[in-house]
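Accompanying notes for the structure given below.
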Amino acid sequence: MQQDNKEYREKTIFNGLNGHSLISPFNSEKQLFDPKINLGILASGNGSNFENIIKSIQNNQLNAKISILIVNNPNCLAIKKALKYDIPYVIINHRDCNSRLEHDKLVLEKLEELSVELVVMAGWMRIVGEEIINKFKDRLINIHPSLLPSFKGVNAIQQAIDNRVTITGCTVHYVQKDVDSGSIIIQAAVPIKEQDSKETLRKRIQNMEHIILPLAIAKVAKNIRTSFKDNK
Ligand code: GAR
3 MQQDNKEYRE KTIFNGLNGH SLISPFNSEK QLFDPKINLG ILASGNGSNF
53 ENIIKSIQNN QLNAKISILI VNNPNCLAIK KALKYDIPYV IINHRDCNSR
103 LEHDKLVLEK LEELSVELVV MAGWMRIVGE EIINKFKDRL INIHPSLLPS
153 FKGVNAIQQA IDNRVTITGC TVHYVQKDVD SGSIIIQAAV PIKEQDSKET
203 LRKRIQNMEH IILPLAIAKV AKNIRTSFKD NK
């Protein structure tokens with residue numbers, strides 16, 4: 003515990019002094035799970051967070067396995083990453099479904115079929131329905147590119163620029179019915195520089211996303227396994 007506090011202090015003070023970033027809460031202690039925590043990843047875009055989760059597993063930072071990548075967009079680059087790292091994936095295209103409910107049902111069926119314990123929305127650009135939220139209560143998390151509760155919804159990075167804030171960042175939070183409003187798990191602050199474009203800012207925010215998402219997964223996985231033991 004003492005070690006944690008020391009590490010936390012060093013990390014935050016160091017980062018603060020350099021004006022780069024601040025992560026809170028910060029705990030890089032490795033969590034071991036037996037069996038490994040079983041993840042399902044939902045993605046719609048480039049899949050840089052997805053790829054980073056894979057790398058965190060490969061370098062033993064994260065004691066997890068990814069059972070499935072689910073994408074809703076057949077053209078998204080996340081699929082290429084699944085192929086590159088030999089991760090099973092499925093395309094559940096919302097355009098092929100008659101309703102949001104039907105799409106949610108297919109996603110839920112796949113997650114349950116594979117006994118996924120923790121669902122990570124890593125750039126999933128769709129609202130998930132109540133059935134998934136209820137089935138995965140405290141086991142469904144999302145990463146969002148702002149310091150919530152500021153700048154919810156789409157275009158969070160542009161919203162921060164337009165509002166001329168000087169610090170923005172990223173948040174991992176539990177998913178609940180109202181968009182981007184569940185309990186916060188970890189946040190990272192990222193200063194906005196005067197010369198920043200949306201793209202330069204996005205890159206720095208994503209660098210921080212790649213740090214906090216694996217940390218948040220480990221934190222939530224620990225809670226899942228603890229509450230499972232308590233309920234036994
Ligand atoms: C990430 O920046 C994530 O925060 C954002 O999409 C990006 C996906 O990037 N998510 C949202 O805006 C959700 N509201 P990636 O596909 O490279 O991981």
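With the first letter of the sequence shown counted as 1, position 209 gets the number 211 in the working numbering; the numbers rise by one all the way through. Even for Gly, the Cβ is constructed at its ideal location relative to N, Cα and C.
- Between VAL73 and ILE135, the gap from beta carbon to beta carbon reaches 8 Å or more.
- DSSP places GLN197 in the coil class of the three-state scheme, outside both helix and strand.
- Scanning SER229, ILE219, ILE226 for the CA closest to the CA of PHE28 turns up ILE219.
- Residue state for SER26 is assigned as strand, using DSSP reduced to three classes.
- ASP106 and PRO193 have their alpha carbons spaced roughly 37 Å apart.
- Per the coordinates, the alpha-carbon of ASN95 lies some 12 Å from the alpha-carbon of MET127.
- Within the segment 149–200, the alpha helix (DSSP H) runs of at least 4 residues that lie entirely inside it are, in chain order, 158–164.
- Comparing C-alpha distances from PRO76 to each of LEU116, ILE68, TYR91 shows the shortest one belongs to TYR91.
- Separation of the CB atoms of LEU34 and ASN65 is rounded to 5 Å, and the pair is thereby assigned contact status at 8 Å.
- Counting along the chain, the unbroken alpha helix (DSSP H) around LYS82 starts and ends at 80–87.
- Note on ILE187: 16 or more other CB atoms within 10 angstroms of its CB, so buried under the neighbour-count rule.
- In this structure, the C-beta of GLU114 stays at least 7 Å away from each heavy atom of the ligand GAR.
- Nearest C-alpha to ASN40 among THR228, LYS200, GLU119, ASN61: GLU119.
- Classified as buried, ILE59 has 16 or more neighbouring CB atoms from the shown chains inside 10 Å of its CB.
- A check of alpha carbon separations from GLN197 across ASN54, SER50, ILE163, ILE56 identifies ILE163 as the nearest.
- Per DSSP, the continuous beta strand (DSSP E) segment holding ILE143 begins and ends at 142–146.
- Assignment of ALA124 by DSSP, reduced to helix, strand and coil, places it in the coil class.
- Within the chosen limit of 7 Å, the ligand GAR reaches the beta carbon of GLU211 through at least one heavy atom.
- Distances from the CB of ALA191 to the heavy atoms of the ligand GAR are all 7 Å or more.
- Taken through DSSP and simplified to helix, strand or coil, LYS112 comes out as helix.
- Ranked by Cα distance from MET123, the options GLU115, PHE138, GLU111 are led by PHE138.
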